[in-house]
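J.: Quick note, the sequence shown lines up with residues 1 to 160 if you use this note's numbering. Every residue, glycine too, gets a C-beta built ideally from N, C-alpha and C. To start, I am sharing the structure in question, which I have written as structure tokens.
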Amino acid sequence: MSNFSHINKKNNPKMVNVSDKKITKRTAIASAIMFLGKEVISHFSNEELTTKKGPVFQTAIIAGIQGVKKTSELIPMCHPLLINAVDVDIQILDSESIEVLCKVIIEGKTGVEMEALMGATITCLTIYDMCKSISQEMLIKEVKLIEKTGGKSDISKKNQ
């Protein structure tokens, strides 16, 4: 018998039953580090990166929010959730790299880690798509959960 919550007694996949869980405020923050390179970063001015496709960061933030909302459609065992808030932030780290932070908040019976990870990832993929005509050297280097609150256990990896 498996210890995985998504496997039933017959070793088949199942969606976890959360009906007996209490509704609590749950948050998750995910980050992604992305190497853009100096050529792409050189197009940055006035708080935005602009290409022929338009404002990159604004478009990527909207895509990240959409990714959060569609997580359960793409990851089979994720529960559809009523999202209370999504905040995506993009910071330039240095002359070649950026960091994307995606914070998701709900009041519900299950966590939002996958939603935060999806939001950070889709934000990066959108940046890649919008900047690939400038450079194909871009690299999504690291996507990770850095904080989770409100469930069985809280996690904080902010200083790791």
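Report the partner residues of Leu-165 according to the DSSP bridge assignment.
T.: In the structure displayed, the chain extends from 1 to 160; residue 165 sits before or after that span and is not available.
J.: First and last residue of the beta strand (DSSP E) that includes Val-143?
T.: 139-149 is the span of the beta strand (DSSP E), which, as asked, contains Val-143.
J.: Say whether the stretch 22-31 touches the stretch 102-117, bearing in mind that this needs 3 or more beta-carbon pairs closer than 8 Å, one atom from each stretch.
T.: They touch, by the three-pair rule.
J.: Nearest-angstrom Cα distance between Pro-76 and Gly-67?
T.: The alpha-carbon atoms of Pro-76 and Gly-67 are separated by roughly 14 Å.
J.: For the beta strand (DSSP E) that Ser-97 lies in, which residues bound it at each end?
T.: 97-108 is the extent of the beta strand (DSSP E) around Ser-97.
J.: Could you compute how far the alpha carbon of Gly-37 sits from the alpha carbon of Ser-97?
T.: Roughly 7 Å separates the two Cα atoms.
J.: On the three-pair Cβ rule with 8 Å, is the stretch 149-159 touching the stretch 117-134?
T.: Verdict: no, contact absent.
J.: By the DSSP assignment, the beta strand (DSSP E) with Lys-25 in it spans what residues?
T.: Counting along the chain, the beta strand (DSSP E) containing Lys-25 begins and ends at 24-35.
J.: Just to confirm the assignment, what range does the alpha helix (DSSP H) spanning Glu-167 have?
T.: Given a span of 1 to 160 for the chain in the structure shown, any question on residue 167 remains unanswerable.
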